[in-house]
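What follows is one structure encoded as structure tokens, with my remarks underneath.
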Amino acid sequence: MLKSFSFIAALIIIAALALEDVIELQLAHKNRNEQRVAVSLQIATLRANIEKEIVDNLTTIHGVADFISVTPDIDQKKFTQYAYGALHSKTLLKNIGAAPDLIMSFVYPIKGNEKIIGVDYRTLPKQWPQVKHVRDSGKMLVAGPLSLIQGGTGLIGRAPVVVREGTKEKFWGIVSAVIDADQLFERVNFSGLKDLDIALRGVDGQGEHGEIFKGRGTLFSPESESIKMSVNLPSGSWIIAAVPKEGWITSSPISPYSRLLLASFTAITLVLTYKGMKKNHEIQRTRKSLNEAQAIARLGSWELDVRTDRLWWSDEVYRILGVAKEDVTPVTEEFFSMVHPIDRETVEKEFHDAILNQEPYSREHKIVRPNKEIRVIHGQGKGEYDTAGKLIRTTGTILDVTERAVAREKLRNEQAKIKAMAEASYDSLVMVDAKGIVLFWSPAAETMFGWSNEEAIGSEIHDLIAPLHYHEEAKSGLKEFALTGTGKVMESIMEFDALRKDKSIIPVERSVSSFQIDNDFFAVGILRDVTERKKLEKELTLLARTDKMTSLYNRGYFMELAEHEIDRSLRYNTSLAIIMFDADKFKNINDQYGHDIGDKVLIRIAETVTSVVRKADVVGRLGGEEFAVLLPETSMLDAQKVAEKIRVRIQTESIATPRSGNVSCTVSLGIAEFNESIGDVELLLKLADTALYRAKAAGRNRWECATMNDYHFNI
1 MLKSFSFIAA LIIIAALALE DVIELQLAHK NRNEQRVAVS LQIATLRANI
51 EKEIVDNLTT IHGVADFISV TPDIDQKKFT QYAYGALHSK TLLKNIGAAP
101 DLIMSFVYPI KGNEKIIGVD YRTLPKQWPQ VKHVRDSGKM LVAGPLSLIQ
151 GGTGLIGRAP VVVREGTKEK FWGIVSAVID ADQLFERVNF SGLKDLDIAL
201 RGVDGQGEHG EIFKGRGTLF SPESESIKMS VNLPSGSWII AAVPKEGWIT
251 SSPISPYSRL LLASFTAITL VLTYKGMKKN HEIQRTRKSL NEAQAIARLG
301 SWELDVRTDR LWWSDEVYRI LGVAKEDVTP VTEEFFSMVH PIDRETVEKE
351 FHDAILNQEP YSREHKIVRP NKEIRVIHGQ GKGEYDTAGK LIRTTGTILD
401 VTERAVAREK LRNEQAKIKA MAEASYDSLV MVDAKGIVLF WSPAAETMFG
451 WSNEEAIGSE IHDLIAPLHY HEEAKSGLKE FALTGTGKVM ESIMEFDALR
501 KDKSIIPVER SVSSFQIDND FFAVGILRDV TERKKLEKEL TLLARTDKMT
551 SLYNRGYFME LAEHEIDRSL RYNTSLAIIM FDADKFKNIN DQYGHDIGDK
601 VLIRIAETVT SVVRKADVVG RLGGEEFAVL LPETSMLDAQ KVAEKIRVRI
651 QTESIATPRS GNVSCTVSLG IAEFNESIGD VELLLKLADT ALYRAKAAGR
701 NRWECATMND YHFNI
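Going left to right, the sequence shown walks through residues 1 to 715 as full-length UniProt numbering numbers them.
Here is the structure:
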């Protein structure tokens with residue numbers, strides 16, 4: 001007996017040790033997945049903050065370029081006034097300069113930057129290629145990070161300045177500013193992520209091909225298993241790589257308490273086994289208990305006390321259902337909610353009918369785990385009744401009968417990898433077969449398109465996200481893909497309008513790659529919602545067309561619209577008039593009350609004129625205190641009425657000052673009417689300008705009309 005007991009005891013100890021190893025392995029796998037998700041969330045937040053700060057400061061640089069484009073005759077004083085406001089509202093900007101004809105002529109602050117005044121970019125071999133690219137492409141470019149002469153590191157943003165001369169655009173020069181990279185990383189709390197080892201690469205926006213400028217270069221090697229994300233810049237990208245400073249979790253030791261329980265359980269089992277072997281009938285009983293224990297190891301058991309409505313699940317039930325004890329409270333409704341929709345109604349009815357009729361319940365059906373995995377179980381149950389036939393307790397078991405366990409485990413591991421990748425990304429990850437049937441649908445895709453994973457899996461991808469007019473083209477592309485694994489959208493990055501479940505349309509950037517298993521082709525797409533990027537592009541376009549202070553059209557865009565209205569007037573033989581006006585004695589207001597009050601006066605003039613004219617009329621600020629109103633389908637007589645209305649309304653307006661009471665202002669106006677002999681907008685403006693100065697000479701606060709003498713004089 002001792003020999004047999006020793007053999008059995010050894011088996012029990014080996015089994016206990018093996019169970020401990022399995023538990024440690026499962027805990028390590030779970031904790032590592034949670035660790036990667038946590039790192040991804042931290043890096044995603046860091047990426048978003050970096051993108052926001054850089055774009056915010058680049059928008060200011062773009063605004064300076066727009067300001068110069070409408071005031072090309074700018075001097076150092078005007079530049080200093082504008083740059084002062086820009087730098088003091090954006091603390092990351094160290095300095096800002098303007099280089100007409102590519103020669104640095106204006107800089108703020110001047111102190112500490114005197115040496116760069118007069119420098120010709122064409123004589124700087126390290127900077128000229130980037131400056132030339134800005135000039136030739138007409139687009140903003142970001143360089144760096146690079147070491148600054150005055151210490152620290154910085155990014156250099158350069159924007160082109162284009163002015164309009166008549167109907168043509170002319171390259172004026174560039175605006176450049178230094179963004180303090182050290183303050184940038186401090187503001188986004190880069191050093192605050194003390195539990196992470198982080199590196200960045202992509203000098204000059206070169207992304208994965210750029211130099212490493214922060215952190216250890218080894219973080220970009222495959223061996224580091226780092227989390228990597230792209231930081232999108234207007235002219236390129238950086239790459240962030242991060243790992244925990246303490247390294248990735250490789251093991252998760254069981255707690256001493258759990259080890260004690262396992263050891264106690266093993267000791268108790270040994271004692272019971274020893275006692276059981278002492279007697280023959282106890283051996284038989286022990287064997288029966290072991291058989292029952294083995295059966296229970298394959299089954300999950302449950303018990304419902306009807307009197308207290310308390311439901312108990314064994315650990316195996318939680319495992320079969322795929323939920324954690326700490327995440328759910330056992331209730332009947334929770335179990336039925338996990339039954340597959342195609343079986344749910346039948347299972348509920350048969351279970352309740354069996355209890356009502358005091359019959360045993362038995363049925364095989366599908367369940368859907370929270371991770372959307374479908375399993376097949378065999379459920380059994382029976383009721384216990386009192387002498388009056390009233391139900392007091394129900395008990396039962398569920399048995400996992402899913403076949404092909406090895407294939408299932410492999411599939412679950414693969415899905416877990418894809419899910420971990422998908423959850424770490426804000427972009428949607430979708431996989432389809434050659435027929436366009438969805439095989440994988442990430443959580444980000446659920447959020448982006450509104451279709452749940454259950455709704456998307458098994459559906460045709462174009463029925464979910466493609467507007468109707470794309471369907472024929474999509475079906476044609478799928479036929480080619482099924483035969484060759486190639487197509488127009490393969491291995492490319494494209495933008496298209498995507499359809500959401502609520503029928504709304506969003507702009508999406510799509511990147512698609514293909515792979516082959518045996519003779520079948522599959523495609524994986526990464527979809528990014530670019531709504532915010534499109535919004536920013538629209539805002540930048542608006543900045544290029546409007547005067548920042550008054551929100552009126554700037555001179556360049558006003559001239560463009562005026563040319564369009566002249567063409568329309570000639571084509572349809574309709575009347576067209578223009579009113580030019582400026583604030584009387586505006587310099588006195590600035591000198592007496594300060595530029596802030598002067599700015600408020602100009603804003604009030606813009607608001608007043610906008611409220612007076614029609615929506616079809618075009619109002620613009622031509623520069624300084626000079627404004628113009630283009631009046632389509634308006635004769636000289638009607639234009640005089642509009643001018644008088646503007647004059648009276650502005651005369652009645654006033655601006656309150658902190659210490660000097662109210663400030664009012666008047667305007668002088670010049671009116672000109674377009675005809676075929678005038679020819680272009682420049683001459684039309686000169687005629688109105690001549691009339692304007694005649695109004696000023698006649699005493700101000702009045703309007704005058706252009707005459708034929710004015711026409712001959714300006715010719």
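In this text, a Cβ means the ideal position worked out from N, Cα and C, and glycines have one as well.
CB-CB under 6 Å to K366, same chain, minus the five flanking residues each way: which ones, in chain order? H340, D343, I374, V376
Cβ-based neighbour list, F336, same chain, cut-off 6 Å, excluding 5 preceding and 5 following: E348
Counting Cβ pairs, one atom from each stretch, are 3 or more of them under 8 Å apart for the region 136-148 and the region 225-235? yes
For E211 versus I239, is the C-beta distance shorter than 8 Å? no
Using the DSSP secondary-structure output, state which residues sit across from R510 in a beta bridge. L527
Going by C-alpha to C-alpha distance, which of Y470, D710, H352 sits closest to Q380? H352
Verify whether the separation of the beta carbon atoms of S514 and I493 is less than 8 Å. no
The region 577-590 touching the region 676-690, judged by at least three CB pairs closer than 8 Å: yes
For N31 and T45, what's the separation of their Cα atoms in angstroms? 21 Å
Take E423 and list the residues in its own chain whose beta-carbon comes closer than 7 Å to its own, dropping the five residues that flank it on each side. V37, P443
Considering only their Cβ atoms, is the gap separating G450 from D502 smaller than 8 Å? yes
Mind reading off the beta-carbon distance from I179 to L92? Whole number of angstroms is fine, and I expect it under 8 Å. 5 Å
Could you tell me whether the Cβ atoms of A420 and F521 are closer together than 8 Å? no
Per-residue DSSP class, three states only, for residue 717: Absent from the model: residue 717. The displayed extent of the chain is 1 to 715, so no value can be given.
Thinking C-alpha only, which one of S40, K325, E676, K132 is nearest S569? E676
Under the three-state DSSP convention, the category Q76 falls into: helix
Pairwise C-alpha distance: D617 and Y553: 12 Å
Sufficient close CB pairs (3 or more, under 8 Å) joining the region 601-610 to the region 645-662: yes
Taking 8 Å as the threshold, find out whether the region 68-76 comes into contact with the region 50-58 through three or more Cβ pairs. no
Are the beta-carbon atoms of V667 and V601 separated by less than 8 Å? no
Who are the Cβ neighbours of V642 in its own chain at under 6 Å, not counting the five residues just before and after it? none
Just to confirm, is the Cβ distance from D710 to L687 under 8 Å? yes
For M338, count the other beta carbons within 10 Å of its own beta carbon; 16 or more makes it buried, fewer makes it exposed. Which is it? buried
Beta carbon of L155 nearer than 8 Å to that of G173: no
Inter-residue spacing [alpha-carbon to alpha-carbon] between Y318 and D400: 12 Å
Three-state secondary structure (DSSP) at E673? strand
Contact check, A498 vs V508 under 8 Å by CB: the rounded distance? 4 Å
Cα-Cα, which of L102, G112, P109 is closest to G118? L102
From the DSSP secondary-structure annotation, give me the bridge partner or partners of G623. E626
Own chain, CB closer than 6 Å to residue 718, minus 5 neighbours either side, in chain order: Because the chain in this structure spans residues 1 to 715, residue 718 falls outside the shown range and cannot be described.
Please classify V331: is it buried, with 16 or more other beta-carbons within 10 angstroms of its beta-carbon, or exposed? exposed
Output yes or no for whether 8 Å exceeds the beta carbon distance between I13 and T266. yes
State the Cα-Cα distance for the pair N291 and L304, rounded to the nearest angstrom. For N291, the predicted structure reports a pLDDT of 35, less than 50, and the residue's modelled location is therefore unreliable. The matter cannot be settled from this model.
Could you give the C-beta distance for V524 and E495, rounded to a whole number, given that I count them as a contact under 8 Å? Incorrect: roughly 18 Å between the Cβ atoms, too far for contact.
Could you have a look at M494 and say whether DSSP puts it in helix, strand or coil? strand
Out of curiosity, what's the CA-to-CA distance linking A405 and H133? Unreliable positioning characterises A405 in this predicted model, as indicated by a pLDDT of 40, which lies under 50. A coordinate reading is not provided.
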